[in-house]
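Report on one structure; see the data block that follows.
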Amino acid sequence: MDKALLCVSASAGSGKTYKLVWRYIELLFLGAKPSSILTLTFTKKAAKEMQERIIKEIQSIYYHRNDNEFIKKVESNIGSIKSERIQERIPFIYQSFLTEELKITTIDAFFQKILRGLCWYVGVEYDFKIGQDNLEVIAEIFLKLLDNETFEDVLELCYERREQRLQSLLSLCEFLDFFKEMLDESLFISSLLKSDCKQQALAYARGIKESYYVQKGEIHPQLQFEDFSALLSKCETWILKEDLREYRGFSKILFNDADFIGLKKAISRFFLEDEALYLQKFYRVFKVYLQAKAQFYQENNLLSFNAVSSKVYKLLCKENFSKDFLYFRLDSVISHLLIDEFQDTSILQYEILKPLIEEIKSGIGSRQFLRSFFYVGDIKQSIYRFRGGNPELFKIASKQMQQENMTNNYRSARHIVEFVNDTFLGKIEGFIPQVPMIEKEGYVRVCGCEDLEEEVYLSIVKMLEYGVNPSDITLLVFDNKSVVELAIFLQERGLRVVMDTSTKLIFHNEVRALIEFLKFLEAKNPLFEKEFFMLLGLREQSLEEFLKPTKSPAAILLPLMQKFGIASLSAKRFLEVALKFSSVKELLDGIETLQEEIVSSDFFGIRIMTIHKSKGLEFENVLIVDRKSLKSVVSKRLFFDFGADGVSIKRIFKYDNHKRSAIRMSLEPPYKEALLKEKELTKKDLKNQLYVALTRAKGTMQIFYGLKNAQSAFGEIGLRDEERGELMRSLEISDFKAVIPETSFEYPHPAMLENLGRQEQMQVAQKEVLQGDIQSLSFGVALHFVMEQKLKNHLEDSLLLEILRNKEGFYLSQKTLQEILNKCNLLLKNHQFNEILQKGSVKCELPFLSNGRQKRLDLLVENEKEAFIVDYKSGQPKSAYEIQIREYMQSIKVILKKQVYGYIFYTEDSGKLVEIV
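Okay, so the sequence shown: first residue is 6 according to our numbering, each after it adds one.
Right, dumping it as structure tokens:
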């Protein structure tokens, strides 16, 4: 074989799947058995597509085995075998391909097969299930496992130091879990002895202060400190200087140089000791977290994908199983290895595969070399560093291998390919421009916007007016929070939207309704019953005839689905899943771990997804929306200093904040070097993410960036407003007639306070959980709770305070809880607010439907002629809040057919009630 060891760099849309398929077929014609060829990729979809294309090509070759012209084309794709030999081997290859086991699978599925064959060696039951980590349950187990020492560690890390909250501490543990096999205990435990560096620093700093005072007769503002914390805050302006006299204001002072040198050494020592103490405490906490995960897995006989990889790593790399024994358990010898999307390989996955790769490479050069290794990928699309991915592996694995580049683009229209070339040439290291291979011109637009959402909405409406099918429009954003926010914005303007934050079956709206019914059946809580009807958009009615818990879940659900017309393919898939469970309780217990996805034909509408979610996909029309906030330079509390190979971890650093890091960088060269490397890697991550986003479109691409937005993601690649091609000529027009909203705030679909019939718009609604500051969220929850209890039940402050301590006391201090009560009492004493309360019947926390979306009014006061709504906001006034209230007013006006007045109560400072007109 001419290129037994081959590494292929394939840019987006260059036909890498085609290349891999023909590599596989070439191996068959060279005499390889299908069972000896291991082909790995990273998603089930990609593995299925790979297998289908290989089968299709082999069938086509067999059916055209006597067509000389066709065989010539096969020869051109294979290259190393003459057409006569190809024709001779076709019947044998076809027969063996039909009868032998194919090893075309995901890398996760391959590792699962290894683990099931050797599971008893690592204490895992053979019938273990694959599922996602339930982080809430793991957190509960974690808290129970804490002993006095680690509990004190958690308190200090989260509260005394005030550096991070429990949620972010556990998130950091989750991040390090991807690297735990590469993390030696010595990285956390330091031999550094504690010193009195703080007192030493203060002594040197007082010497500097005294020198200034003696010569000037006063104390400079930047030398006014009493303790070490104040010293750090003051010195950040002058400690960065090589010489104190370089700082403006100090230039004419004769300082004792020994004081400045000593101060720098003492502060540097403080950072080292503080880091060592943090790492030591965190490591103890991290080990408890890993114990909690292990207990969760054992209790549920479940493993995550990463946990499977960890177990396999332990088996193959720590237990030193012989390759012969492994091949025996796998029922075959692996002679050829093909890997797709190699840039997505994590360090752990590579370490597992490395012995096999090195074994194959070790035979190169021998006369009888009958093995091969091939991988294809694109470093520019490496965007999974946060979960253990490392683009350096692409280069490391290529040693001793021949290399090829694929530069043609078979996906995108000409203007899109040329725009990507112009954008990234010189900005991504080693970028090679692509050649567009399809004739279509296409369309590209870059647009700076004052209001991103409004501009996106108007652009979508324009495309719909031209006749584009909504399902042919895809919006790409930077995070899941933006997916939800943009989806709500568009849905409230009458557009049908599908959110791809998760495509799990249990998030399909009809499936969610069925789950709420099962909860009602089990707990008899009327809230679950209300939620069932709310999700379906139906009037509430009796469910008595279906309350027969003695039946199996499927037997209960079938008549319910027939009665209420629950007939989506996803609901039917859930019914099939229910057949596997013998009781309602068993089904409810297993719901969170269900991996089934929404049936694709249940998706209809404009798709919104994150850029990460879009990787490996392509879409006809793509709109890319800028981010609103800037991610931290170091997104986690810790960052790594990698070895010369770019993969091994030689040190862990603690990141404080921007100001402290600037001080430490000036004092400690290794810290500065590691942090600059991390910042550079973060920039590369963003460029790669942008490259993925800009290479998804086939026909048209529009990019919307925020004007006056210092956080714009596109600033890194220097985009400016421009337009290439014509939109109308580049669109694929369908016969679909979309409903175009006439204005931003008109509602073409019913909005409901009561359930007034089934709403088809609610076809696919996703779980809208916004991750954010847990204290801010708790503050808002507590505020709404107090107002509801004050207005409905007239509870006393003392009782409310006790209830709040139980509900929110873990996150909110006694002082904050009392502040919430004071703010609510302030509103209740407001003359204008009391006038509103007197105008009709009062309803609190009232849910309603609008465009298939469930909303909630904080307060509704209604009489025969008019209605008043009040929304409570714990933050500063924002125009977005006013827009939201106006939309609520419009929606309630449609529902009640009455004049509606809207107000916002802002709790900040002394509080104020603002009327929205």
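C-beta: ideal position from N, C-alpha, C; glycine also.
Nothing here was measured: the structure is a model prediction, and the numbers come from that model.
By the DSSP assignment, the alpha helix (DSSP H) with residue i in it spans what residues?
i: T22; result: 21–34
i: V129; result: From DSSP, V129 is part of no alpha helix (DSSP H); its letter is neither H nor E.
i: M279; result: In the sequence as presented, Met is not what sits at residue 279; that position holds Asp. Here the alpha helix (DSSP H) through D279 covers 262–305.
i: I224; result: Taken as a continuous stretch (DSSP letters only), I224 belongs to no alpha helix (DSSP H), as it is neither H nor E.
i: K820; result: 819–833
i: V425; result: 419–429
i: A144; result: 140–150
i: D802; result: 802–813
i: L177; result: 171–182
i: E840; result: 836–842
Secondary structure at residue i, three-state DSSP: helix, strand or coil?
i: E549; result: helix
i: E765; result: Residue confidence is low: E765 scores 37 on pLDDT, short of 50, so the model does not pin down where it sits. Its coordinate-derived value is still stated next. The answer is helix: DSSP assigns E765 an H, G or I state.
i: V317; result: helix
i: K50; result: helix
i: Q904; result: strand
i: R340; result: In the sequence as displayed, the identity of residue 340 is Ser instead of Arg. Coil at S340, not helix or strand.
i: P441; result: strand
i: G84; result: coil
i: R612; result: strand
i: T155; result: helix
i: E759; result: The predicted position of E759 is uncertain, since its pLDDT is 38 and thus under 50; a value taken from the coordinates is nonetheless stated next. If DSSP states are grouped into helix, strand and coil, E759 belongs with coil.
i: V922; result: coil
i: G370; result: Because G370 carries a pLDDT of 49, less than 50, the predicted location of this residue cannot be relied on, and no value is offered for it.
i: G382; result: strand
i: Y816; result: coil
i: S195; result: coil
i: I388; result: coil
i: L10; result: strand
i: E751; result: In this predicted model, E751 has a pLDDT of only 35, less than 50, meaning its place in the structure is not dependable enough to derive any value.
i: F75; result: helix
i: F255; result: coil
i: K917; result: strand
Would you grab the beta carbon distance between residue i and residue j for me? Rounded to a whole angstrom, and I think it's under 8 Å.
i: L25; j: M6; result: Incorrect: roughly 16 Å between the Cβ atoms, too far for contact.
i: L526; j: L552; result: 6 Å
i: L523; j: L592; result: 7 Å
i: S634; j: Q716; result: 6 Å
i: R416; j: A698; result: That pair is no contact at about 14 Å.
i: A15; j: K21; result: 4 Å
i: P558; j: F538; result: Contact flag wrong, Cβ pair sits at about 20 Å.
i: E241; j: K664; result: 5 Å
When you compare each of the options to residue i by their alpha carbons, which one comes out closest?
i: K432; options: L320, D262, E685, A518; result: E685
i: R891; options: L865, F291, V922, T912; result: V922
i: S575; options: R729, M539, R517, F538; result: R517
i: R656; options: V313, F255, F184; result: F184
i: K641; options: K269, K556, K659, N626; result: K659
i: C454; options: K713, A418, E625; result: K713
i: K269; options: Y283, A206, I224, N306; result: A206
i: M566; options: E515, Q794, F34, G730; result: E515
i: E247; options: N261, I266, S238; result: I266
i: L833; options: F287, K902, G916, Y68; result: G916
i: V627; options: G570, I708, K689; result: I708
i: K797; options: N811, R250, V866, K682; result: V866
i: L643; options: E521, T104, L192, E141; result: L192
i: L177; options: E89, I95, Y288, L277; result: Y288
i: E145; options: M733, Q407, S653, Y294; result: Y294
i: A649; options: L32, D201, I401, I362; result: I401
i: N426; options: E470, G472, P438; result: P438
With respect to the beta strand (DSSP E) encompassing residue i, which residues constitute its N-terminal and C-terminal limits?
i: Q407; result: 407–411
i: R734; result: No beta strand (DSSP E) holds R734; the alpha helix (DSSP H) holding it covers 732–735.
i: G453; result: 448–454
i: A560; result: Here A560 belongs to no beta strand (DSSP E); instead the alpha helix (DSSP H) covers 558–569.
i: D876; result: 871–878
I'd like to know if residue i contacts chain D, where contact means its C-beta is closer than 7 Å to some C-beta of that chain.
i: D802; result: The structure shown contains no chain D; it is built from a single protein chain.
Taking only runs of the alpha helix (DSSP H) that begin and end inside the stretch 499–538, which ones reach a length of at least 4 residues, in chain order?
Taking only runs of at least 4 residues, the alpha helix (DSSP H) segments lying wholly in the stretch 499–538 are 514–528.
Alpha helix (DSSP H) runs contained entirely in the stretch 620–706, provided each spans 4 or more residues:
Here the runs fully enclosed are 663–672, 674–699.
Ordered list of alpha helix (DSSP H) runs contained in the stretch 467–499, each at least 4 residues:
The stretch 467–499 contains these whole alpha helix (DSSP H) runs: 485–496.
What runs of the alpha helix (DSSP H), each 4 residues or longer, lie entirely inside the stretch 102–126?
Correct list: 112–123.
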